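Novice:
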Amino acid sequence: MPANVQARDIMECPECKGKTQIVVDYAQGSVICRNCGLILEMSCIDDSQEWRTFSDSSGPDRNRVGGTTNNMLHSGGLGTSVGFGNSRLARTHMIAVNSDNVDRTLNKGHKILRDIMDALALPDNIYTRCCQILKQMDDNGLLKGKTNYPWLLAVTYMACRQEGAGRSIKEILAAQPTVKVVACCLLLSKTYSSSVFYNPILSMGFLTLRLSCCDCGFFNDGRGRALP
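Below, the structure is given as structure tokens:
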């Protein structure tokens with residue numbers, strides 16, 4: 223069978239009066255019944271990876287697929303890169319991008335959050351939740367001036383509460399000691415009436431109880447009886 227022709231799933235053919243295996247010819251864009259040869263569909267779109275011929279196509283990696291979009295950024299993480307050898311155009315492009323970049327604040331916050339994740343050895347799901355909180359703040363126009371360490375540590379604390387990762391304020395402060403984290407947590411919980419933001423003072427008691435139960439060997443049953 224040619225490389226541009228592939229056998230696919232079972233479909234119902236009106237000519238054969240029953241289900242039959244189909245063949246997709248990507249060169250012609252046709253879906254063909256394998257039994258009778260009836261063309262079931264025309265102008266079929268090839269949804270596989272795109273392989274294009276370049277001067278360096280003899281290299282080991284011919285994958286020309288770009289990176290995935292970033293839903294945490296307004297631009298989707300898409301951009302333009304200027305090739306080597308045109309430094310003047312690259313410099314002009316960089317000035318234009320930096321002068322009107324809606325994602326500049328988010329990118330700054332993401333960079334600091336990544337440093338916090340590395341310092342506290344937190345998993346990727348916490349980083350993703352932090353980025354979601356930042357995006358929500360930015361959508362509401364509340365992110366300006368809040369991409370410093372106290373606010374981002376508070377966001378990290380909130381994300382840990384939402385994802386069920388037991389981290390106390392003291393542990394969060396190990397990334398960057400500052401006295402403003404608790405105040406920032408309280409402001410976040412007051413700003414958002416949504417239940418996804420926990421009150422840090424109330425949740426601290428539950429966190430202490432949870433850690434104590436784990437140290438004593440009590441798990442779900444013990445925590446349930448200890449809570450009012």
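Residue numbering for the sequence shown follows my numbering, starting at 223 and increasing by one per position. Virtual Cβ for every residue (Gly too), placed ideally from N, Cα, C. As the structure is a prediction and not an experimental result, all values here were calculated from the model.
Note down, in chain order, each residue of its chain lying with its Cβ closer than 6 Å to the Cβ of L408, except the 5 sequence neighbours on either side.
Specialist: Closer than 6 Å at Cβ, skipping near neighbours: no residue.
Novice: Between L311 and chain C, is the shortest Cβ-Cβ distance under 8 Å, so that the two count as touching?
Specialist: The structure shown has no chain C; it contains just one protein chain.
Novice: On the three-state DSSP scale, how would you describe S309?
Specialist: Three-state DSSP puts S309 in a helix.
Novice: Using CA atoms only, rank isn't needed, just tell me which of A387, T242, L344 is closest to N257.
Specialist: If we check each option's Cα against that of N257, T242 comes out closest.
Novice: With a threshold of 7 Å on Cβ separation, who are the neighbours of M339 within its own chain once the five nearest residues in sequence on each side are excluded?
Specialist: Contacts found: I348, Y349.
Novice: With distances taken from CA atoms, which of C255, L260, K239, M264 is nearest Y456?
Specialist: Since the first residue of the chain shown is 223 and the last is 450, residue 456 is not available in this structure.
Novice: Does the separation of the CB atoms of L375 and T400 fall below 8 Å?
Specialist: It is a contact, given that the beta carbons lie within the stated cut-off.
Novice: Can you give me the Cβ contacts of K330 inside the same chain, cut-off strictly under 8 Å, excluding the 5 residues immediately before and after it?
Specialist: Result list for K330: T369, in chain order.
Novice: If we ignore side chains and look at the alpha-carbon of each, how far apart do L410 and L364 end up?
Specialist: Their Cα atoms are separated by approximately 10 Å.
Novice: Just tell me which of R313, T327, F306, I267 has its CA closest to the CA of I295.
Specialist: Looking at the sequence shown, residue 295 is not Ile but Leu. The candidate whose alpha carbon is nearest that of L295 is T327.
Novice: Helix or strand or just coil, what does DSSP make of K330?
Specialist: Reduced to three states, the DSSP call for K330 is helix.
Novice: In whole angstroms, what separates the C-alpha of R313 from that of D325?
Specialist: Between R313 and D325, the C-alpha separation is close to 19 Å.
Novice: Three-state secondary structure (DSSP) at E234?
Specialist: Strand, per DSSP.
Novice: With distances taken from CA atoms, which of A396, G367, V245 is nearest C406?
Specialist: Nearest of A396, G367, V245 to C406, Cα basis: G367.
Novice: Q398 and R351: beta carbons closer than 8 Å?
Specialist: Contact flag unset, no.
Novice: Let me confirm a value: A341 is counted as buried when at least 16 other C-beta atoms fall within 10 Å, else exposed. Which label applies?
Specialist: Looking at its Cβ environment, which holds fewer than 16 other Cβ atoms inside 10 Å, A341 is exposed.
Novice: Residues bridged to K241 by DSSP?
Specialist: DSSP, once it has assigned bridges, lists E234 as partnering K241.
Novice: How many Å lie between I334 and L356 at the Cα?
Specialist: Near 12 Å, if we compare the C-alpha coordinates of L356 and I334.
Novice: Looking at the secondary structure, which residues open and close the alpha helix (DSSP H) in which C406 lies?
Specialist: Here the alpha helix (DSSP H) through C406 covers 403-413.
Novice: To which residues of the same chain is P372 closer than 6 Å at the C-beta, ignoring the five residues directly before and after it?
Specialist: Same-chain partners within the cutoff: T400, K402, V403, C406.
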